[in-house]
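Beneath this line is the structure, given in structure tokens, with notes to follow.
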Amino acid sequence: MKIRTVTEADLDQIVVLNQANLPAVGPTDRSQIERFVEQTHSFLVAATLNDQVGGFLVGLPPGTDYESMNYAWFSARYANFIYVDRIVVGEADQGQGTGQRLYNEFASRGRETGANVMLAEVNVKPRNDQSLRFHERYGFVSVGERDTDGGGDKRVVMLEYRLD
29 MKIRTVTEAD LDQIVVLNQA NLPAVGPTDR SQIERFVEQT HSFLVAATLN
79 DQVGGFLVGL PPGTDYESMN YAWFSARYAN FIYVDRIVVG EADQGQGTGQ
129 RLYNEFASRG RETGANVMLA EVNVKPRNDQ SLRFHERYGF VSVGERDTDG
179 GGDKRVVMLE YRLD
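Our numbering puts the first residue of the sequence shown at 29, with every later residue one more than the last.
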């Protein structure tokens with residue numbers, strides 16, 4: 029598995045992989061993925077030996093024009109950060125360190141820009157136990173929880189990982 033920057037040839041595979049992992053991640057389409065390519069600090073792909081997308085990570089810096097309540101929550105509380113909007117690892121590539129390698133590369137790029145914290149959120153309602161375990165093992169700590177739909181049907185835990 030090679031970690032590299034996204035290419036145009038990856039985009040359709042990314043949409044399919046993203047949609048196959050609902051509700052663990054938010055829905056998306058090709059146009060939103062193209063916007064991420066333009067806006068992101070890091071849009072990383074875990075490429076398999078035959079250069080297929082085995083996983084991906086979308087990472088944003090502070091000050092990005094992005095309509096996300098979770099990103100806005102972090103932006104109001106942190107100045108110098110990198111934000112994981114989404115990370116997806118295909119079922120066939122899970123349990124092989126792919127997620128950790130994507131996070132390691134993103135953290136390395138964040139340190140290069142002077143960021144001192146990496147931020148992410150994970151669903152606790154509906155509960156995403158696999159992601160919660162992954163983030164705990166990686167070293168993330170909870171810095172809050174919030175409802176994301178106004179009705180209490182969706183809730184996330186807000187997570188921080190220190191880069192300094």
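All C-beta atoms in this analysis are idealised placements derived from N, C-alpha and C, irrespective of residue type, glycine included.
N-terminal and C-terminal residue of the alpha helix (DSSP H) that residue i is part of
i       : result
Ser-203 : The structure shown does not extend to residue 203, since the chain is modelled only from 29 to 192, so the question has no answer here.
Ser-159 : 157 to 166
Ser-136 : 126 to 140
Ala-143 : No alpha helix (DSSP H) holds Ala-143; DSSP gives it neither H nor E.
Tyr-94  : Counting along the chain, Tyr-94 falls outside any alpha helix (DSSP H), and DSSP gives it neither H nor E.
Val-44  : 39 to 47
Pair within 7 angstroms by beta-carbon distance, residue i and residue j
i       : j       : result
Gln-67  : Thr-92  : yes
Arg-114 : Val-53  : yes
Leu-191 : Val-116 : no
Gly-87  : Phe-134 : yes
Leu-147 : Tyr-111 : yes
Pro-154 : Pro-55  : no
Val-43  : Arg-32  : no
Other residues of its chain near residue i: CB distance less than 8 angstroms, five sequence neighbours each side excluded
i       : result
Asp-121 : Met-29, Ala-74, Thr-76, Gly-82, Gly-83
Arg-137 : His-69, Ser-70, Gly-87, Ile-110
Where the beta strand (DSSP E) through residue i begins and ends
i       : result
Glu-173 : 169 to 175
Ala-75  : 70 to 75
Lys-30  : 30 to 33
Residues near residue i in its chain [Cβ-Cβ closer than 7 angstroms; skip 5 each side]
i       : result
Gln-128 : Tyr-166
Residue from the options with nearest C-alpha to residue i
i       : options                           : result
Leu-187 : Phe-162, Met-97, Ile-110, Ser-170 : Ser-170
Glu-62  : Asp-40, Pro-51, Leu-50, Asn-78    : Asp-40
Gly-118 : Glu-164, Thr-35, Arg-32, Asn-49   : Asn-49
Gln-80  : Gly-125, Glu-164, Asp-38          : Asp-38
Counterpart residues of residue i in DSSP-defined beta bridges
i       : result
Gly-83  : Ala-74, Val-117
Lys-153 : Arg-183
Arg-190 : Val-145
Phe-109 : Val-145
Leu-50  : Leu-50 is not bridged to any residue.
Proximal residues to residue i (C-beta, below 6 angstroms), its chain only, five neighbours per side dropped
i       : result
Asn-144 : Asn-108, Leu-191, Asp-192
Val-152 : Arg-183, Val-185
Glu-149 : Asn-98, Val-184, Met-186
Leu-85  : Leu-72, Ile-115, Leu-130, Phe-134
Residue i CB to nearest heavy atom of the ligand NAP below 6 angstroms
i       : result
Glu-188 : This structure simply doesn't include the ligand NAP, nor any ligand for that matter.
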